[in-house]
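Notes to accompany the following structure.
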Amino acid sequence: MTPPRADAPDVAVELRGITKRFPGTVANDAVDLTVRRGEIHALMGENGAGKSTLMSILYGMTRADAGSVLVDGREADFASPGDAMAAGLGMVHQSFKLFDSLSVAENVVLAAEPRRFGLVDRAAARRRVRELAEEHGLAVDPDARVGELPVGLRQRVEILKLLHRGARTLILDEPTAVLTPAEADALFAVLKSLAAQGRTVILVTHKLREVLEGSDRVTVLRDGRVVARLVTAETSADEIAAAMTGRAVELDRIHAPGTPGDVVLAVSGLTTDGVSEASLTVRAGEIVGIAGVAGNGQSELIEALAGLRPTTAGRVTLLQQDISHASATERRLKGLAYVPEDRHAVGTAPAASVAENLAMGHHRTTLSSRGLLPPAGVRAHARQLIERFGIKAPTPEVPASALSGGNLQKLLIGRELAHEVPLLLVEQPTRGVDIGAIQNIHDQLIAYRDAGHAVLLVSAELSEIRGLADRVLVMYEGRITASYDKNQADERTLGLAMAGGASREAVTVEAVD
Amino acid sequence: MFFDSDLLMSALRALTPILLAALGGAICERAGVFNIGLEGMMLMGCFTAVATSWFTGSPWLGVLAAALAAAAYSLILAVGTVTLRGDAVVLGVAMNLLAVGLTSFLLRTVFGVQGTFDDPSLAGLPLIGGLSPLAYVSWAAVAVAALMLSRHVWGLRLRGVGEAPDAAATLGVSPTKYKYAAVLVSGVLCGLAGAQLALGNVTLFTENMTAGRGWIAVVAVMLGRALPLGVLLAALLFGLAEAAGFRLQGLGLPQQATDAAPYVVTLGALFLTTARRRRRVRPSSTGAAS
Amino acid sequence: MNNRILGALRSPITFSVLAGVLIGALFLVGTGADPIASYEAVLTGSLGADGIGSTLTTGTSVLGMALALAIPLRAGLINLGGDGQMVLGGITAAVTGLYSPLPAPLTVVLALLAGMAAGAAYAALAALCENHFGVPLLVSSLLLSYPAVSLASYLARYPLKEPGSSLPQTRSLPDGVALPAFGDSTVTWGLVLVVLAAAAYWFTDQRTAIGYEIRMTGLNSRFAAYAGVERRGLTLKLMSVSGATAGLVGAIGVLSFPYRFVDGSLTAPGYTWTGLTAALLATAAPLGTVVASFFFAVLQVGGLAMERTTEVPRELTQVLQAIVIVFLAARLRFPSRWFNRRKEAV
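Written out as structure tokens, the structure reads:
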């Protein structure tokens, strides 16, 4: 461990007047940021506020157009993350940069290996990992394959990587996005102990609760500018939220409940890779939300329901028709639509035009007759949907890749809603979408429900689930462990269930005939 | 006795070019570069070896020149797929076609013949213990590759680059450098393979003399899961099949059956290994855009 | 309209073709030949009155094989077994032609259909390897090709060999069992069949629901799968059609002069690989495939003419072809600066 120099200045990292422009937007506008040594400093803001850009400038991944970066009081000009690491910085990215097929020790030491005659000194690497783990409370098995580790441990490996290189300032980008509340607490304990040792932590996040509980000071960005510099102990959730969005925000807007009718989807005992004995029902006119930390079987369950994943047991009926073994096509024909979580890799074909993307699923029903697909019909259909869902596209012929994230998501959701089918499966509907589009998408989903359809919603954003769902189910380790009505589903109860602490009593499920 | 030492020697002779090329393919695979241009690189090696040996009188210079020429040729793949992010499959196929055309063209312009250049005074490689020196080189290469990949610092970084180039980049390991290195190494190895084909077993150059061996090497990489030892076993399987085929020919089976035998055997081996292992499918898309 | 022309000019295809032509010129200069004269020889030799017949005949096979490869390529599938499927189609057509009891015109039809069926079945085999055994199509189709060629070779040299001849060929087909030719030229109705196939491909691709599914699969296979497009069924169907087309080319070859199956004659001109490069150059688009096939047929026939008049080896056109594809694969294009007169998204 490299303790900070005794004569090091009080300020660990300072960014002065950082400006960065991209075509059409200013990501950072004369941003000043001062982070003191030994503190946990939160950098907050919504998607697109400029936090990631700022940190990538600090970490040498991009160059600023103007401004300067000072580390330990000295001006720094990083051309690559390697330079930043050499200066004592270390970053844990939002999506981990790990080598799944290699061991923990190999991941930690790669590019800074202990050597013997040019070969990697494996014993020394293992020893090093054990030492660091013990010293900082980050226990993990050096020989375990990283690909087999749960998310919480993978994050530990990321932190160990930085500590192995003697990082004095750690930058963590949305570290708790994939952690349960309990794991997040454990992380913060580690961070606090690192800070107590004189290391500095910069936390890039939009999660209010953790910032309030774990940080010392907060800097808020909005639209590329610093709009607030706060001391955590002296501020409040409302003040921070208002600074992030620029208006008095109705935090956690809760929509009015629906009026449930007949059962549309009935699942009993569904078992597949990652899901055991899942049972649930969704009625017409209701939204059922599945909460749970990502990786507890939600994606697998939805994929199985959509017909994209084989099941080993269980029964699924849609409008009383058995679709347990139906193909994806058949399920769609029987009245299922599906918004997948990955809009780029699964939900659309970015290289195809907007019109072609909007045609998918309709190309064998409303748009075609006897196998023929007239292009004029495809275009008209596209124009209709573009107008109805407010998709901002110059023409229907531009490739879908030209659309912004929010518009692409509107395209995807609009296309699936346009099927007007009894059951809609939707995953992470507003991930990576700016706040204006989020409201719009939520309104669309509520309207779909109120038109008498059934919606099964999976989201990692608790506020989204709580705002939209009439009933909330919690998944933990492949099982549905809890079911709550709208009024029972407060954050604390849900958080507890998500972490595995749901009550042992059986979850009452409607009998499926 | 069908399986005797003669068969083994025959198999080992057939093994060398495939092993060298497959080793190169495996190293590229570990670095995350899908190299199906092995056939073309080998063929360039064949021609360069023969031409150099003819003009200098030394087969060893021929070997050296073959390695260098194939390495230079491999830069097409390196630049095309690493720097310019082109499609590796299309590039590989194109490189194979180019090599055939180029070597045939050069055969006519440099040697003035069509089809085969076969001069008795063309110096070939001497035999040591019944085998070409490059055979021993190939076995040593397997050992070196195995050691480097699993234990050496460069090997660890190469594997990291192949598995997750972004992750490697954030650690300061340049994926570009390692991928280029892997492709160049495969070029050198394919050059040696070509030299072995043209100056080892026989001493001549025929149009398209690699005759699909580069493709077999690609399959050997798949069978051997890009591990040096696995690739050795896979290449040995092919070598045995080919040798057995010649033996069967001697026993009266038509030549066409023995020609086909190695491919059938390789295909069968692929069935057995992939059926057990399920998902090892390479992305087959070439981005056929409208 | 202006934008589309600019767009076409800026496309990687234009750049690659230009690059190929330039580098070809360099080679020519390097061997002491005159590039202009050589290229002129290529064009007059292939498009002139004497050569156009050859070009169209060659073009029949090139376009046929290009279609055979383009059809699955449109969905991102690579069929490298064209040689095997074509040869099986040829030998099957030969057998049908030799032993069919039907009158000649019906035999011709039967032989074409039999050839197509043989090619389709063999290509379907490769598809099954991928669907049920997980062997990548790229590999299975290629590996299956060699035994098929060997089988046909064996049949032509032994059981079906023409008695009394030392050549590796079958007996000549009975009188009348042949594709009618146009006038005195070597161009047969095979050309018409292949052009019809191209038209069918265009129509399916642009105007049908399944063509849409194929294109979407090629652009993002996960997207198509999520939306319910069955990849396995599609693979099998596309490979069957692909094999059928290759088999058709083989059958056409046998039903044209010299009206027999000759071992090696179908594969020697390298139509499969030329067809592949045409399909790649056109990124499997229907109209583009036709244009590219014609372009490469011109090169191939023109190359021979060039060799006759300038003594430049005909292999140069092969080199040129490959260079075009290399540049295309590397996705090089003219920098947008060169074309930017107005700030518009092209």
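Chains as they are written, first to last, in the numbering used here: chain A, 112 to 624; chain B, 417 to 706; chain C, 3 to 348.
Quick reminder that beta carbons are idealized off the backbone N, C-alpha and C, glycines included.
- Taken atom to atom, the span from the alpha-carbon of B/TRP631 to that of B/GLU455 is near 6 Å.
- Contact note: B/SER520 reaches chain C through PRO315, GLU317, GLN320, using a C-beta cutoff of 8 Å and chain order.
- C/ILE73 and C/LEU139 do not touch by the CB rule: their CB atoms are close to 13 Å apart, not below 8 Å.
- Among the residues of chain C, those whose CB is under 8 Å from the CB of A/ALA462 are LEU221, ASN222, following chain order.
- Interface flag for B/VAL505 against chain A is unset, since no Cβ pair is found closer than 7 Å.
- Following the DSSP letters along the chain, one finds A/ASN139 inside the beta strand (DSSP E) bounded by residues 136 to 147.
- A/THR422 carries a coil assignment under DSSP once its states are collapsed to helix, strand and coil.
- Taking 7 Å as the threshold, the shortest C-beta distance from B/GLU445 to chain A does not fall below it.
- For A/ALA160, the CB contacts under 6 Å within the same chain, skipping 5 residues up- and downstream, are LEU332, ARG333 in chain order.
- A/VAL322 and A/VAL329 have their C-alpha atoms some 8 Å from each other.
- For A/LEU416, the three-state secondary structure derived from DSSP is helix.
- Under the Cβ distance rule, C/THR210 counts among the residues neighbouring chain A, one pair being separated by less than 7 Å.
- For B/VAL635, the nearest CB of chain C lies under 7 Å from its own CB, placing it at the interface with that chain.
- In terms of Cβ geometry, A/SER435 and A/ARG426 form a close pair [threshold 7 Å].
- If the five residues before and after B/PHE450 are omitted, its C-beta is found closer than 6 Å to the C-beta atoms of ALA504, all from its own chain and listed in chain order.
- Within the segment 559 to 570 of chain B, those residues whose Cβ lies closer than 7 Å to any Cβ of chain A are, in chain order, ARG567, HIS568, VAL569.
- Here the alpha carbons of A/ASN518 and A/GLY547 stand approximately 11 Å from one another.
- The beta carbon of A/ALA195 sits closer than 6 Å to those of TYR170, GLY171, PHE189, all from its chain and outside the five residues before and after it, given in chain order.
- Scanning B/LEU649, B/THR464, B/PHE662 for the CA closest to the CA of B/LEU613 turns up B/THR464.
- Looking at the backbone, the Cα of B/ALA598 and that of B/ALA447 are separated by about 7 Å.
- Counting C-beta pairs closer than 8 Å gives fewer than three between the segment 57 to 66 of chain C and the segment 309 to 329 of chain C, which falls short of the contact rule.
- A Cβ of chain A is located within less than 7 Å of the beta carbon of B/GLU579.
- One Cα belongs to B/GLY578, the other to A/HIS317, and the distance between them is close to 33 Å.
- For B/HIS568, the three-state secondary structure derived from DSSP is strand.
- A Cβ-Cβ separation of about 26 Å leaves A/ALA415 out of contact with C/LEU221 under the 8 Å criterion.
- In this structure, B/VAL495 sits away from B/ASN624, with a CB-CB distance that is not shorter than 7 Å.
- DSSP places C/ALA51 in the coil class of the three-state scheme, outside both helix and strand.
- Proximity of the segment 84 to 94 of chain C to the segment 119 to 138 of chain C meets the contact definition, three or more beta-carbon pairs being nearer than 8 Å.
- Nearest in C-alpha terms to B/GLU658, of all of B/THR682, B/GLY640, B/VAL637, is B/THR682.
- Using a 10 angstroms sphere on the CB of A/GLN550, the tally of other CB atoms stays under 16, which defines it as exposed.
- Within 8 Å of the CB of C/LEU289, no CB atom of chain B is found; the nearest one sits about 10 Å away.
- For C/THR279, the enclosing alpha helix (DSSP H) has its first and last residue at 273 to 283.
- The Cβ-Cβ distance between A/VAL386 and A/LEU534 does not fall below 7 Å.
- In this structure, A/THR343 keeps its C-beta atom at 7 Å or more from the C-beta atom of A/ALA123.
- When C-alpha distances from B/ALA556 are compared across B/VAL680, B/ARG429, B/GLY502, B/LEU648, the shortest belongs to B/LEU648.
- Counting only unbroken stretches of 4 or more residues, the alpha helix (DSSP H) elements lying wholly within the segment 467 to 554 of chain A are 486 to 500, 516 to 528, in sequence order.
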